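So the structure is just underneath, and the comments pick up after that.
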Amino acid sequence: MVIRYVIKINSDEDIVSSLRTQNRHISEDVDWGKVSARVCYRRRARNDFECHPLLETPLVQCSRCPGYGDAKRICKNVSKRCAHYGGDHTGATCWA
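Note that numbering that gives the first Met the number 0 has the sequence shown beginning at 0, numbered continuously upward.
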């Protein structure tokens, strides 16, 4: 996962903790005690005060439902939702 336009003075720990606290609505079902995320490296940006950190995380998004933490083969959700925008079809048949 690449995050763009991050101010360089933010430490790696600040970036990971901000992801956890600011995106609670997305990752409600994720047990952050079991998920590890770390900054692999930082890419240069055009602005000398910014960087683009590349995060490595085993967080998986299901392609059957737009939830995080499970995969299509173990998903218990019977309704098929598009992971792109939540339509009543699968991502494989999405026209967007």
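A virtual CB, placed ideally from N, CA and C, is assigned to each residue, including glycine.
The model shown is predicted, which means the values in this text are computed figures rather than measured ones.
In this structure, does DSSP put residue i in helix, strand or coil?
i	result
Ile8	coil
Report the rounded CA-to-CA distance for residue i versus residue j, giving the unit in angstroms.
i	j	result
Cys61	His88	14 Å
Lys75	Lys7	41 Å
Asp111	Val59	Residue 111 lies beyond the residue range present for the chain, which begins at 0 and ends at 95; the question has no answer from this structure.
Cys81	Asp13	32 Å
Gly86	Leu18	26 Å
Gln21	Cys93	29 Å
Cys39	Ile73	29 Å
Val5	Val15	12 Å
Please name the residue, chosen from the options, that lies closest to residue i on a Cα-to-Cα basis.
i	options	result
Val77	Leu18, Cys64 and Val15	Cys64
From the DSSP output, which residues share a beta bridge with residue i?
i	result
Gln60	Tyr67
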